[in-house]
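Visitor: What follows is a structure written as structure tokens; I'll ask about it next.
There are 2 protein chains.
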Amino acid sequence: MGKQDEILARVMDLIESMEVGQAIPSERRLSEQLGVSRLTVRAALDELVHEGYLTRRRGSGTYVSRPKIAQPLTLTSFSEDMRRRGMVPGSRTLDLGTVSAGARLGRRLRLPPEELIVRVRRLRLADGEPMALEVLHVPASLVPGLTAADLENSSFYELLQDRYGVVVASGTQTIEPTVTNDEESRALGVPLHSPAFLFERTTLNQWGRPIEFVRSFYRGDRYQLVTELLPRRGRDGRVGLGDARSLSVIPVGRSTAARSTPPPREEDME
Amino acid sequence: MGKQDEILARVMDLIESMEVGQAIPSERRLSEQLGVSRLTVRAALDELVHEGYLTRRRGSGTYVSRPKIAQPLTLTSFSEDMRRRGMVPGSRTLDLGTVSAGARLGRRLRLPPEELIVRVRRLRLADGEPMALEVLHVPASLVPGLTAADLENSSFYELLQDRYGVVVASGTQTIEPTVTNDEESRALGVPLHSPAFLFERTTLNQWGRPIEFVRSFYRGDRYQLVTELLPRRGRDGRVGLGDARSLSVIPVGRSTAARSTPPPREEDME
DNA sequence: AAGTGGTCTAGACCACGGC
DNA sequence: CCGTGGTCTAGACCACTTT
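Taken in order, these protein sequences are the chains called A and B.
Per the working numbering: the first sequence = residues 1 to 270.
Per the working numbering: the second sequence = residues 1001 to 1270.
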């Protein structure tokens, strides 16, 4: 564990005992008090600024920011995301079984087609309402003895780490627009052919081996992606909008009423 | 312009003259050759690594990477994005007119409802094929004398900066899944009720004043969002997948054939 | 053993904000 | 004016990869 991480934790504690808008001690003061160089302090603060906990004002100071409404979410932990939004997360396992991978899944998980995988379909709920339908695929050899109950009460990633010693290290996720089919509509409680996000995520462990492949259907009427666009100097010195950092998935809306097909949306601006 | 930016440009030039997989000079050598400290070199390389041009291997060296298939795109410059994909971008202005803002647009652009705005509908093409339908709204006072021809041949942001002295500084973009309506289907050449991304972007200048509000409909059969998920230590020291950095918009597929409604998609894994 | 990236140090100058 | 964040320097040690 580097000093930077230690500093980060210390400052995080400090922030939590402070009011929004208050200035934290200056970088020089912190480096002195904590016995590290200013650069080390800065590196730690950089992270907290990037994550939205702090705001810097040149010539003035560094301030505790209100956790942004569109605070970056993990894209991976549904439960934590919902809790951060003040909603009560839930999970209902629809079915769980072992099947052979087949060609397509084998390719995604880099397994021979005859290898066994555990396939779990589950419904993700927020405040009791269906938000997403998730189909999880994991090599069966990785999770011996996995039951539906295991998934109801704890994070799958925590389970992987604590019980199976599997550590997630990286992943890739693609996002597409789609419309719900018959089965998805029923599960999510939306009209047939409603707009939805299709997330496909492949997760790797520390050695680059695929751990899981997940397909999730998120209700389009309750989910929005938000990105903040930051300025970026072009190669020619020009300024434009660049990196889309801090992609957030935010639940929106409240209506539970059934809708017609195709679902209404805010009319075009005229 | 800081030294870091100069170094960045120098290294960028260097990279372009090298083969993928070759190692660039070590950080120490670069700092010596370029007459700056190693930290400055590192800061510059950090950016290039973040943008995917370079890969670091500890104990070994820093290598030119193949521009990733899912190289981070700007989300804002359609033309540049398409060129990076090796496609020929195009733009066809469907109509351009001046209307009063009204309540909703006025709110988005922070203008009184009676204020005039320029509204432009244009089709974005790649290799001659429609990819997206874009509706652009700009306060009329910002862009006096704007014509359809202006938009055909140059980037709108370049135009803003060069002719009108308006500098984009930040922005927020939301992304939703939707289905195309009648008009959008015709414009994009896809069946009615095809899945599509709806991007809504509000762009601000350096003083936080809204410059533009853009609604774009991207064909769901040609576009995918890709995010890389990076590990992130939790506050409790646990490791999970965290920040979704480098959101990319990538065009996919090639088919131009009309499809049924609802459009087919890869069948569910079984 | 030599060279690499990863981290850290102690100090410096600059541009900017607020007094 | 002084204190702030933003940038840069020259040097150091470590863990790691390569030979």
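Just so you know, even glycine gets a beta-carbon here, dropped at the ideal spot from N, CA and C.
From this set, Arg-1092(B), Ser-1100(B), Ser-1141(B), Pro-1139(B), which residue's C-alpha is nearest Leu-1125(B)'s C-alpha?
Guide: Residue numbering aside, residue 1125(B) sits at position 125 when the second sequence is read from its first letter. Minimum Cα distance to Leu-1125(B) is reached at Arg-1092(B).
Visitor: Output the residue ranges of the alpha helix (DSSP H) runs that lie fully inside the segment 130 to 204 of chain A and measure 4 residues or longer, sorted by chain position.
Guide: Runs of the alpha helix (DSSP H) inside the segment 130 to 204 of chain A: 148 to 153, 156 to 164, 182 to 188.
Visitor: Taking its Cβ as the centre, do 16 or more other Cβ atoms sit within 10 Å of Gln-1224(B), making it buried, or is it exposed?
Guide: Residue mapping note: residue 1224(B) aligns to position 224 of the second sequence, counting from 1. Its Cβ being crowded by 16 or more others within 10 Å, Gln-1224(B) is buried.
Visitor: So Leu-39(A) is in the alpha helix (DSSP H); what residue range does that whole segment cover?
Guide: Looking up residue 39(A) in the first sequence gives position 39. Following the DSSP letters along the chain, one finds Leu-39(A) inside the alpha helix (DSSP H) bounded by residues 38 to 50.
Visitor: Decide if the segment 1046 to 1065 of chain B is in contact with the segment 1019 to 1032 of chain B; the criterion is three or more beta carbon pairs, one per stretch, under 8 Å apart.
Guide: yes
Visitor: Check distances from the C-beta atoms of the segment 1162 to 1186 of chain B to those of chain A and list, in chain order, the residues that come in under 7 Å.
Guide: Val-1167, Val-1168, Ala-1169, Ser-1170, Gly-1171, Thr-1172, Gln-1173, Thr-1174, Ile-1175, Glu-1176, Pro-1177, Thr-1178, Val-1179
Visitor: Rounded to whole angstroms, what is the Cα-Cα separation between Leu-1188(B) and Asp-1127(B)?
Guide: Numbered from 1 along the second sequence, position 188 holds the residue referred to as residue 1188(B). Numbered from 1 along the second sequence, position 127 holds the residue referred to as residue 1127(B). Distance between the alpha carbons of Leu-1188(B) and Asp-1127(B) is about 14 Å.
Visitor: Using a C-beta cutoff of 8 Å, does Leu-220(A) count as contacting chain B?
Guide: To locate residue 220(A), count along the first sequence from 1; it is residue 220. The question names Leu, yet the displayed sequence has Gly at residue 220(A). It does; some Cβ of chain B falls within 8 Å.
Visitor: In the DSSP assignment, find the unbroken beta strand (DSSP E) run with Glu-212(A) in it and report its ends.
Guide: For this step, residue 212(A) is matched to residue 212 along the first sequence. Where Glu-212(A) is concerned, the enclosing beta strand (DSSP E) stretches over 210 to 219.
Visitor: Quick one: using the 10 Å Cβ neighbour count with 16 as the cut-off for buried, is Gly-1220(B) buried or exposed?
Guide: Indexing the second sequence from 1 puts residue 1220(B) at position 220. Flag for Gly-1220(B) reads buried.
Visitor: How would you write the range of the beta strand (DSSP E) that Asp-95(A) sits in, first residue to last?
Guide: Here the question's residue 95(A) lines up with position 95 in the first sequence. Here the beta strand (DSSP E) through Asp-95(A) covers 89 to 100.
Visitor: Would you mind working out which of Pro-130(A), Glu-47(A), Leu-116(A) sits nearest Val-88(A), comparing C-alpha positions?
Guide: In the first sequence, counting from the first residue as 1, residue 88(A) sits at position 88. Comparing Cα-Cα distances from Val-88(A) to each of Pro-130(A), Glu-47(A), Leu-116(A), the minimum goes to Pro-130(A).
Visitor: Could you check the C-alpha separation between Val-138(A) and Asp-81(A) for me, to the nearest Å?
Guide: One-based indexing of the first sequence puts residue 138(A) at position 138. One-based indexing of the first sequence puts residue 81(A) at position 81. Their backbone Cα atoms lie some 22 Å apart in a straight line.
Visitor: Distance cutoff 8 Å, beta carbons only. Does Leu-1125(B) sit that close to anything in chain A?
Guide: Taking the first residue of the second sequence as 1, we reach residue 1125(B) at position 125. No, its Cβ sits nowhere closer than 8 Å to a Cβ of chain A.
Visitor: Name the DSSP bridge partner or partners of Ala-126(A)?
Guide: The residue given as residue 126(A) occupies position 126 in the first sequence. Answer is Pro-89(A), Glu-129(A), bridged to Ala-126(A).
Visitor: Of all Cβ atoms in chain A, is any one closer than 8 Å to the Cβ of Glu-1228(B)?
Guide: Locating residue 1228(B) in the second sequence gives position 228, where the first residue counts as 1. Yes, Glu-1228(B) lies at the interface with chain A (some Cβ there is under 8 Å from its Cβ).
Visitor: Can you find the residues in the same chain that come closer than 8 Å, C-beta to C-beta, to Leu-34(A), ignoring five residues on each side of it along the sequence?
Guide: Translated into positions along the first sequence, residue 34(A) becomes position 34. Ile-7, Arg-10, Val-41.
Visitor: Is Gln-22(A) helix, strand or coil by DSSP?
Guide: Here residue 22(A) refers to the residue found at position 22 when the first sequence is read from its first residue. Three-state result, Gln-22(A): coil.
Visitor: Under 6 Å Cβ to Cβ from Arg-1121(B), same chain only, skipping five residues before and after it: list those, please.
Guide: By 1-based counting over the second sequence, the position of residue 1121(B) is 121. The answer, listed in chain order, is Leu-1094, Asp-1095, Val-1135.
Visitor: According to DSSP, Val-1118(B) sits in a beta bridge with which residue or residues?
Guide: Position 118 of the second sequence, counted from the first residue, corresponds to residue 1118(B). Answer by DSSP bridge pairing, in chain order: Thr-1098(B), Val-1138(B).
Visitor: Give the residues of chain A in contact with Gln-1224(B), contact being defined as C-beta atoms less than 9 Å apart.
Guide: Counting from one through the second sequence, the residue named residue 1224(B) turns up at place 224. Per Cβ cutoff of 9 Å: Thr-174, Ile-175, Glu-176.
Visitor: I'd like to know if Pro-280(A) contacts chain B, where contact means its C-beta is closer than 8 Å to some C-beta of that chain.
Guide: Past the edges of chain A, shown from 1 to 270, lies residue 280(A), and the structure says nothing about it.
Visitor: Determine contact between the segment 192 to 210 of chain A and the segment 161 to 176 of chain A, defined as no fewer than three beta-carbon pairs at a distance below 8 Å.
Guide: With contact defined as three or more Cβ pairs closer than 8 Å, the segment 192 to 210 of chain A and the segment 161 to 176 of chain A are in contact.
Visitor: Out of Leu-116(A), Pro-112(A), Gly-106(A), Tyr-164(A), point me to the one whose CA is closest to Ser-100(A)'s CA.
Guide: The residue you call residue 100(A) lines up with position 100 of the first sequence. For Ser-100(A), the nearest C-alpha among the options comes from Leu-116(A).
Visitor: What whole-angstrom Cβ distance do Phe-1213(B) and Leu-1105(B) have, given they're in contact under 8 Å?
Guide: Here residue 1213(B) refers to the residue found at position 213 when the second sequence is read from its first residue. Here residue 1105(B) refers to the residue found at position 105 when the second sequence is read from its first residue. Contact check for Phe-1213(B) and Leu-1105(B): beta-carbon distance about 7 Å, within the 8 Å limit, so the pair qualifies.
Visitor: Would you kindly work out how many angstroms separate the C-alpha atoms of Ser-1194(B) and Met-1018(B), rounded to a whole number?
Guide: The sequence position of residue 1194(B) within the second sequence is 194, counting from 1. The sequence position of residue 1018(B) within the second sequence is 18, counting from 1. If you take the alpha carbons of Ser-1194(B) and Met-1018(B), they lie about 43 Å apart.
Visitor: Can you say whether Leu-146(A) is buried or exposed, counting buried as having 16 or more other CB atoms within 10 angstroms of its CB?
Guide: Counting from one through the first sequence, the residue named residue 146(A) turns up at place 146. Classification of Leu-146(A): buried, given that the 10 Å Cβ count is 16 or more.
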